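Heads up, the sequence shown stops at 157 in numbering that gives the first Met the number 0, and the numbers go up one at a time, no gaps.
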Amino acid sequence: MPRKCRLYDFAAEYDSEPITLENLRMAGHTGDCKRCREFVARERQNVVDDLESWAEIENLGWAKDQDFERIKKGFKNNRKLCNKIDSFSGWAFVILEMAANRVGRAIGGSDDVFRDALIHTVGLGRDEYVKALENPAEVLGKRIRNLDYTESFNYCFC
Ligand SMILES: [Zn+2]
């Protein structure tokens, strides 16, 4: 018997579209039930393939100095870019979070540590992100155990 997808109850309660990334996230759904798997796979591919957005993230230079003050200043006259990268990195975060939640406790860390390490990984750019996405238990687990991340890439945005 297929597992029941809790997303439909969740969406009904909030009167919204059932399968959206935001709903998956709010419902704490890892997206691995039969109905949602295809959607998540497509969203994941969209994020991985968005080379333009990754180039924009990599241009910020987070990997080099993790200086959110500098990056934030750089956005001062470019709100549009700031919002665009903020939104893209939000989706990239959600996709990575789902992959990480699927392996659960193997990753370790408190909620804060987990969140900071994940968004840091997004800030590092596409290569590191894809590595983490493909092997979250090992790549993120190691990063969290070693506290090898800076709080917080999110502070870059307006
Ligand atoms: Zn589902």
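Ideal placement from N, C-alpha and C gives every residue a C-beta, glycine not left out. Since we're looking at a predicted model, the values are computed, not measured.
- Measuring C-alpha to C-alpha distances from E37 to each of L59, W53, L20, A62 identifies L20 as the nearest.
- Between S86 and the set F9, N76, F156, T29, the nearest pair of CA atoms involves F156.
- Put simply, the stretch 128-141 touches the stretch 84-98. At least three CB pairs are less than 8 Å apart.
- Pairing W90 with V46, the inter-Cα distance amounts to about 7 Å.
- Not one heavy atom of ligand 1 sits closer than 7 Å to the Cβ of R78.
- Counting the other Cβ atoms within 10 Å of the Cβ of R41 gives fewer than 16, which makes it exposed.
- Three or more Cβ pairs closer than 8 Å define a contact, and the stretch 65-79 falls short of that threshold against the stretch 25-33.
- Here Y154 carries a helix assignment [DSSP, helix/strand/coil].
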